[in-house]
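Data first, discussion second: the structure below is written as C-alpha coordinates.
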(Lines of atoms letter the chains of each structure in order from A and count residues from 1; the text may use other names and numbers.)
(Lines give C-alpha, C1' and ligand atoms only; values in the text may rest on other atoms or scores of the structure.)
Protein backbone atom coordinates (compact mmCIF):
# COMPACT_ATOMS: atom_id res chain seq x y z
CA UNK A 1 0.00 0.00 0.00
CA UNK A 2 1.64 3.21 -1.15
CA UNK A 3 0.41 6.18 0.88
CA UNK A 4 3.60 8.02 1.80
CA UNK A 5 3.14 11.76 1.76
CA UNK A 6 -0.66 11.72 2.00
CA UNK A 7 -1.64 14.96 3.70
CA UNK A 8 -5.32 15.17 2.81
CA UNK A 9 -7.50 16.02 5.80
CA UNK A 10 -10.67 15.53 3.80
CA UNK A 11 -12.77 12.89 5.56
CA UNK A 12 -15.43 11.07 3.64
CA UNK A 13 -16.69 8.83 6.43
CA UNK A 14 -18.30 10.31 9.52
CA UNK A 15 -16.31 9.93 12.75
CA UNK A 16 -19.06 7.78 14.31
CA UNK A 17 -19.44 5.57 11.23
CA UNK A 18 -17.40 2.48 10.42
CA UNK A 19 -16.90 0.42 7.28
CA UNK A 20 -15.48 0.76 3.78
CA UNK A 21 -13.09 3.68 3.42
CA UNK A 22 -10.92 4.14 0.33
CA UNK A 23 -7.42 5.57 0.74
CA UNK A 24 -5.41 6.92 -2.19
CA UNK A 25 -2.75 9.49 -2.97
CA UNK A 26 -4.21 10.19 -6.44
CA UNK A 27 -5.93 13.53 -5.71
CA UNK A 28 -7.66 13.83 -9.09
CA UNK A 29 -9.29 10.48 -8.46
CA UNK A 30 -10.35 11.43 -4.90
CA UNK A 31 -12.68 14.12 -6.26
CA UNK A 32 -14.23 11.72 -8.76
CA UNK A 33 -14.80 9.18 -6.01
CA UNK A 34 -16.23 11.50 -3.37
CA UNK A 35 -18.00 14.43 -5.04
CA UNK A 36 -21.82 14.05 -4.96
CA UNK A 37 -22.18 15.01 -8.64
CA UNK A 38 -20.58 11.68 -9.67
CA UNK A 39 -23.44 9.72 -8.02
CA UNK A 40 -21.30 6.95 -6.51
CA UNK A 41 -23.41 4.25 -4.84
CA UNK A 42 -22.71 3.83 -1.13
CA UNK A 43 -24.51 1.18 0.92
CA UNK A 44 -24.85 1.39 4.68
CA UNK A 45 -26.11 -0.98 7.37
CA UNK A 46 -28.09 1.22 9.77
CA UNK A 47 -29.41 0.31 13.22
CA UNK A 48 -32.27 2.58 14.26
CA UNK A 49 -34.12 2.86 17.54
CA UNK A 50 -37.63 1.47 17.68
CA UNK A 51 -39.82 -0.19 15.09
CA UNK A 52 -39.54 1.14 11.57
CA UNK A 53 -42.14 3.62 10.33
CA UNK A 54 -43.02 2.48 6.80
CA UNK A 55 -44.44 5.82 5.62
CA UNK A 56 -41.24 7.55 6.79
CA UNK A 57 -39.08 5.03 4.91
CA UNK A 58 -41.13 5.62 1.77
CA UNK A 59 -40.39 9.31 2.19
CA UNK A 60 -36.64 8.56 2.34
CA UNK A 61 -36.92 6.32 -0.71
CA UNK A 62 -38.44 9.21 -2.71
CA UNK A 63 -35.93 11.76 -1.40
CA UNK A 64 -36.35 14.32 1.38
CA UNK A 65 -35.29 17.90 1.95
CA UNK A 66 -32.26 18.40 4.21
CA UNK A 67 -30.74 21.65 5.37
CA UNK A 68 -27.43 22.39 3.71
CA UNK A 69 -24.44 23.16 5.91
CA UNK A 70 -23.41 26.80 5.74
CA UNK A 71 -19.99 25.71 4.44
CA UNK A 72 -21.55 23.99 1.43
CA UNK A 73 -24.12 26.65 0.62
CA UNK A 74 -23.57 28.82 -2.42
CA UNK A 75 -22.78 32.44 -1.56
CA UNK A 76 -25.80 34.72 -1.61
CA UNK A 77 -25.56 38.20 -3.06
CA UNK A 78 -27.97 40.85 -1.83
CA UNK A 79 -28.39 44.35 -3.10
CA UNK A 80 -27.88 47.20 -0.63
CA UNK A 81 -31.60 47.81 -0.02
CA UNK A 82 -32.29 44.11 0.73
CA UNK A 83 -29.34 43.87 3.09
CA UNK A 84 -30.51 46.96 5.04
CA UNK A 85 -34.02 45.50 5.35
CA UNK A 86 -32.59 42.20 6.54
CA UNK A 87 -30.38 43.90 9.12
CA UNK A 88 -33.55 44.79 11.03
CA UNK A 89 -34.38 41.09 11.51
CA UNK A 90 -33.09 39.44 14.69
CA UNK A 91 -30.16 37.00 14.50
CA UNK A 92 -32.21 33.82 15.00
CA UNK A 93 -34.42 34.63 12.02
CA UNK A 94 -31.35 35.52 9.94
CA UNK A 95 -29.81 32.15 10.68
CA UNK A 96 -33.02 30.33 9.72
CA UNK A 97 -33.25 32.34 6.50
CA UNK A 98 -29.63 31.56 5.61
CA UNK A 99 -30.25 27.80 5.78
CA UNK A 100 -31.15 26.33 2.42
CA UNK A 101 -32.87 23.02 1.90
CA UNK A 102 -31.94 20.64 -0.88
CA UNK A 103 -33.71 17.41 -1.78
CA UNK A 104 -31.74 14.17 -1.53
CA UNK A 105 -31.71 11.73 -4.40
CA UNK A 106 -34.00 8.72 -3.99
CA UNK A 107 -32.59 5.97 -1.77
CA UNK A 108 -32.97 2.20 -1.97
CA UNK A 109 -33.96 0.76 1.43
CA UNK A 110 -34.10 -2.88 2.51
CA UNK A 111 -35.37 -3.85 5.97
CA UNK A 112 -33.25 -6.71 7.28
CA UNK A 113 -34.73 -7.45 10.70
CA UNK A 114 -36.21 -6.16 13.92
CA UNK A 115 -34.65 -7.30 17.17
CA UNK A 116 -34.69 -6.62 20.88
CA UNK A 117 -31.56 -5.66 22.78
CA UNK A 118 -31.12 -5.52 26.51
CA UNK A 119 -29.38 -2.50 28.03
CA UNK A 120 -29.03 -2.88 31.80
CA UNK A 121 -32.62 -3.38 33.00
CA UNK A 122 -34.29 -2.10 29.80
CA UNK A 123 -35.19 -3.97 26.65
CA UNK A 124 -35.20 -1.86 23.47
CA UNK A 125 -36.51 -2.65 20.01
CA UNK A 126 -34.21 -1.81 17.13
CA UNK A 127 -34.55 -2.14 13.39
CA UNK A 128 -31.63 -3.08 11.15
CA UNK A 129 -31.74 -2.04 7.51
CA UNK A 130 -29.60 -1.42 4.45
CA UNK A 131 -29.80 1.92 2.67
CA UNK A 132 -28.07 2.77 -0.62
CA UNK A 133 -27.54 6.40 -1.62
CA UNK A 134 -25.77 8.14 -4.50
CA UNK A 135 -24.68 11.42 -2.93
CA UNK A 136 -22.65 11.10 0.24
CA UNK A 137 -23.25 14.57 1.68
CA UNK A 138 -21.81 15.37 5.09
CA UNK A 139 -23.55 13.20 7.75
CA UNK A 140 -26.31 12.49 5.22
CA UNK A 141 -27.56 9.19 6.65
CA UNK A 142 -27.84 10.58 10.19
CA UNK A 143 -29.60 13.71 8.93
CA UNK A 144 -32.05 11.69 6.82
CA UNK A 145 -33.11 9.55 9.77
CA UNK A 146 -33.18 12.57 12.08
CA UNK A 147 -35.58 14.22 9.63
CA UNK A 148 -38.04 11.31 9.99
CA UNK A 149 -37.57 11.10 13.80
CA UNK A 150 -35.86 7.68 13.81
CA UNK A 151 -32.80 7.90 16.11
CA UNK A 152 -29.71 6.19 14.70
CA UNK A 153 -27.76 3.83 16.94
CA UNK A 154 -25.06 2.63 14.55
CA UNK A 155 -23.98 3.10 10.92
CA UNK A 156 -21.57 0.92 8.97
CA UNK A 157 -20.72 1.46 5.29
CA UNK A 158 -20.85 -2.02 3.78
CA UNK A 159 -19.93 -1.06 0.23
CA UNK A 160 -18.70 1.77 -1.96
CA UNK A 161 -19.67 1.00 -5.57
CA UNK A 162 -18.12 -2.45 -6.20
CA UNK A 163 -15.85 -2.41 -3.11
CA UNK A 164 -17.22 -4.40 -0.17
CA UNK A 165 -16.03 -5.57 3.24
CA UNK A 166 -15.26 -8.98 1.71
CA UNK A 167 -12.39 -10.63 3.63
CA UNK A 168 -12.35 -7.81 6.21
CA UNK A 169 -13.28 -9.26 9.57
CA UNK A 170 -11.94 -6.83 12.19
CA UNK A 171 -11.94 -3.05 12.74
CA UNK A 172 -8.84 -1.26 11.39
CA UNK A 173 -8.09 -4.17 9.05
CA UNK A 174 -7.43 -3.27 5.42
CA UNK A 175 -6.68 -4.77 2.04
CA UNK A 176 -5.33 -3.46 -1.23
CA UNK A 177 -7.68 -3.24 -4.18
CA UNK A 178 -6.96 -5.60 -7.03
CA UNK A 179 -6.50 -4.20 -10.54
CA UNK A 180 -10.02 -5.19 -11.63
CA UNK A 181 -11.56 -3.24 -8.72
CA UNK A 182 -9.46 -0.17 -9.51
CA UNK A 183 -10.36 -0.34 -13.22
CA UNK A 184 -14.08 -0.75 -12.42
CA UNK A 185 -14.01 2.31 -10.15
CA UNK A 186 -12.14 4.41 -12.70
CA UNK A 187 -14.48 3.50 -15.55
CA UNK A 188 -17.75 4.33 -13.77
CA UNK A 189 -19.56 7.64 -14.37
CA UNK A 190 -16.69 9.71 -15.77
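Residue numbers (UniProt numbering): 1 to 190. Ideal Cβ placement from N, Cα and C applies to all residues, glycine included. Treat the numbers as computed from the prediction; the structure is a model and nothing was measured.
Contact annotation: the region 140 to 159 touches the region 45 to 56, with at least three C-beta pairs closer than 8 Å. Below 8 Å, enough C-beta pairs join the region 135 to 151 and the region 27 to 43 to call them touching: three or more.
The Cβ-Cβ distance between residue 131 and residue 60 falls below 9 Å. When 19, 120 and 177 are compared, the shortest CA-CA separation from residue 170 is found for 19.
Exclusion of the five residues before and after residue 21 leaves 13 as the residues of its chain whose Cβ lies within less than 7 Å of its Cβ. Residue 43 places its beta carbon 9 Å or farther from that of residue 123.
Annotated three-state conformation of residue 26 is coil, per DSSP. Annotated as distal: residue 103 and residue 114, with beta-carbon spacing of 9 Å or more.
For residue 122, the enclosing beta strand (DSSP E) covers residues 122 to 133.
Secondary-structure assignment with DSSP links residue 67 through a beta bridge to 101. Ranking 172, 173 and 163 by CA distance to the CA of residue 183 puts 163 first. For residue 110, the three-state secondary structure derived from DSSP is strand. With fewer than 16 other CB atoms across the displayed protein chains lying within 10 angstroms of its CB, residue 119 is exposed. Across the structure, residue 178 and residue 172 are spaced so that their CA atoms are roughly 19 Å apart.
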